[in-house]
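These notes concern the structure reproduced below.
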Amino acid sequence: MKVYKTMKSKSRPNHKLYIQVLRNMSPEKRLLKAFELSEFARQLFIHGLRKRFPDLEDTAFKKLLLERLDKCHNRNY
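For the sequence shown, this note's numbering gives the first residue as 333, with consecutive numbering after it.
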């Protein structure tokens with residue numbers, strides 16, 4: 333029987349507070365927060381891709397972005 337070492341998770345001292353704040357939000361505010369975080373992740377992805385390929389022209393960059401997004405797309409539905 334193999335024993336696998338697990339990675340030590342990061343300390344999250346504010347996690348309980350974060351969950352409490354989320355639970356105290358209205359459903360509408362939680363949905364807006366989800367949209368905000370989704371947009372932030374999208375912008376972060378685009379920024380990182382642009383930083384990695386700074387010399388690509390806009391059309392080539394858009395093509396690369398769409399190709400990368402297509403690879404990330406969940407095809408389970």
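We put the beta carbon where it would ideally sit given N, CA and C, even for glycine.
For residue i, which of the options has the nearest alpha-carbon?
{"i": "arginine 374", "options": "Leu398, Lys342, Lys348, Leu349", "result": "Leu398"}
{"i": "leucine 381", "options": "Arg400, Glu368, Phe367", "result": "Arg400"}
How big is the Cα-Cα spacing for residue i and residue j?
{"i": "leucine 388", "j": "leucine 396", "result": "9 Å"}
{"i": "proline 386", "j": "asparagine 356", "result": "42 Å"}
{"i": "arginine 362", "j": "asparagine 346", "result": "18 Å"}
{"i": "tyrosine 409", "j": "glutamate 371", "result": "Confidence at tyrosine 409 is low in this model, with a pLDDT of 49, below 50, so the placement of that residue should be treated as unreliable; the coordinate-derived value is given next. Roughly 22 Å between the two C-alpha positions."}
{"i": "lysine 394", "j": "arginine 344", "result": "37 Å"}
{"i": "cysteine 404", "j": "phenylalanine 377", "result": "11 Å"}
{"i": "lysine 365", "j": "threonine 391", "result": "31 Å"}
{"i": "aspartate 402", "j": "lysine 383", "result": "20 Å"}
Is residue i near the ligand NAP, with its Cβ less than 8 Å from a heavy atom?
{"i": "leucine 369", "result": "Although the ligand NAP was asked about, the structure shown includes no ligands whatsoever."}
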